[in-house]
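Chains as they are written, first to last, in our numbering: chain A, 40 to 156; chain B, 786 to 901. For glycine and all other residues, C-beta sits at the position ideal for the given N, C-alpha and C.
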Amino acid sequence: AQKVTQAQTEISVVEKEDVTLDCVYETRDTTYYLFWYKQPPSGELVFLIRRNSFDEQNEISGRYSWNFQKSTSSFNFTITASQVVDSAVYFCALSEERSSNTGKLIFGQGTTLQVKP
Amino acid sequence: DTEVTQTPKHLVMGMTNKKSLKCEQHMGHRAMYWYKQKAKKPPELMFVYSYEKLSINESVPSRFSPECPNSSLLNLHLHALQPEDSALYLCASSQVGGFVSYNEQFFGPGTRLTVL
């Protein structure tokens, strides 16, 4: 069965600390897609990254980096030198090839990140 | 233009009212989605439209009625709602490629609905 687990419900850090948000997924498909979204208090989900199952290369974008490991079915997200503006709920999501004609996303429960000044 | 807009931002309605939520995108996306999100929970998919045709209805009660009048617009008509329907309603859109699933969805800011 397909599932996304974000075990960390809430994380609180002090500004400038590094923080890693964990995401573990389950799928039977060999082709699938992983996403991270950010939801600030305003409510809008902001797309951060998409990763294909056949591309395990890690990615860095400014202070954000993602570590994709198929061997452990994990797609972790690290924020370096966190800032107050990073405070939000972060969702990891999975889309399977079998859902290719629907675009259905399977979301994790989300991790609330609070960055204190 | 890379945004999805939703109106209204807030809506309060009684259980006997009829109201509509509106979503608009001008990114040329041919897939549009309605999600419902309760507090401290992830979004739950309600409906998917692909090329203006309903492709997914996630067993949503008939008091929610979606409509896709054209490729840029998506409506959600509400009638005889219950207090438990109070939530944030999010609209999203995405490209439709060879495989829809890999196309990231772009979300609107949502409509915060309160049913009294």
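Asked	Found
Tell me, please, whether the CB atom of E889 of chain B is closer than 7 Å to any CB atom in chain A?	yes
Under 7 Å Cβ-Cβ, which residues of chain A neighbour G902 of chain B?	Only positions 786 to 901 of chain B appear in this structure, which leaves residue 902 of chain B out of reach.
When the cut-off is 7 Å and only beta carbons count, does R67 of chain A lie next to chain B?	no
How do the region 89-103 of chain A and the region 40-50 of chain A stand: do at least 3 beta-carbon pairs fall below 8 Å, yes or no?	no
Considering Cα atoms alone, identify which of B:E889, B:P894, B:R897 and B:Q880 is closest to M812 of chain B.	B:Q880
Output needed for Y71 of chain A: all residues of its chain with C-beta closer than 7 Å, excluding positions within five of it in sequence on either side, in chain order.	S92, L133, S134, E135 and E136
According to DSSP, which residues form a beta bridge with N106 of chain A?	A:N115
Any idea which residues DSSP pairs K42 of chain A with across the strands?	A:E65
Going along chain B, which residues have a C-beta under 7 Å from F22 of chain A?	This structure cannot speak to residue 22 of chain A, because chain A is shown only from 40 to 156.
Under 7 Å, do A816 of chain B and S847 of chain B count as touching if we go by C-beta distance?	no
Just curious, the beta strand (DSSP E) that M831 of chain B is in, first and last residue?	E829 to S835
Using three-state DSSP, classify V881 of chain B as helix, strand or coil.	coil
Whose Cβ in chain B lies nearer than 8 Å to the Cβ of Q148 of chain A?	K826 and P827
List the residues of chain A that V797 of chain B touches, going by C-beta distances under 7 Å, in chain order.	Here the premise fails: no neighbours, minimum Cβ distance about 16 Å.
Do A877 of chain B and Y818 of chain B count as a contact pair if the criterion is CB distance below 7 Å?	yes
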